[in-house]
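Contents: one structure, followed by commentary.
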Amino acid sequence: MAKAEIYGGICGFTTLVTAVKGAGKGREMEVAVRLDSECPSWQKVAEEIGSLKPFQELFSLPHEGQLYGVARRFVRHPACPVPAGILKAVEVAAGLALPRDATIKVAAED
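So that you can map any letter, position 83 of the sequence shown is 1100 in the working numbering, and since no number is skipped, the others follow by simple counting.
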């Protein structure tokens, strides 16, 4: 199992991800994904996403997987960091990556 806590930034919303490796091997492996989000858009995505196939999500072209297919129907902010956090949790749950924090720091400069 893997967990991720994603703070969206200026919107102030936090999304918690729980990813649990399920049945299947190789390309047929599935990871159950649970999202608990303060964001109304990601709450709608959470209702639609039950499980993801890691190999399809992680080794296809960006934005072609099931996660992005569902997210594009509800999420209107393309710079939202939540999809990356979900995929990171899926990677770890599937045993395809080690757990390590990822960080984005943004600053305005004159």
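C-beta: ideal position from N, C-alpha, C; glycine also.
Determine the burial state of residue i: buried for a count of at least 16 other Cβ atoms within 10 Å of its Cβ, exposed for fewer.
| i | result |
| --- | --- |
| Met1018 | exposed |
| Gly992 | What is shown of the chain runs 1018 to 1127, which leaves residue 992 out entirely. |
| Pro1116 | exposed |
| Cys1056 | buried |
| Gly1082 | buried |
| Lys1105 | buried |
What is the rounded straight-line gap between the Cα of residue i and the Cα of residue j?
| i | j | result |
| --- | --- | --- |
| Tyr1024 | Ala1125 | 19 Å |
| Leu1078 | Asp1127 | 36 Å |
| Ser959 | Phe1091 | Only positions 1018 to 1127 of the chain appear in the structure, and residue 959 is not among them; the question remains open. |
| Arg1093 | Gly1039 | 30 Å |
| Val1048 | Gly1029 | 28 Å |
| Thr1120 | Pro1098 | 10 Å |
Report, in whole angstroms, the separation of the C-beta atoms of residue i and residue j, which I expect to be a contact under 8 Å.
| i | j | result |
| --- | --- | --- |
| Val1062 | Leu1052 | 7 Å |
Original post:
Are three or more beta carbon pairs between the stretch 1038-1052 and the stretch 1061-1072 nearer than 8 Å?
Top reply: yes
**OP:** Could you pull out every unbroken alpha helix (DSSP H) segment of at least 4 residues lying fully inside the stretch 1038-1066, listed in chain order?
**Re:** 1057-1065
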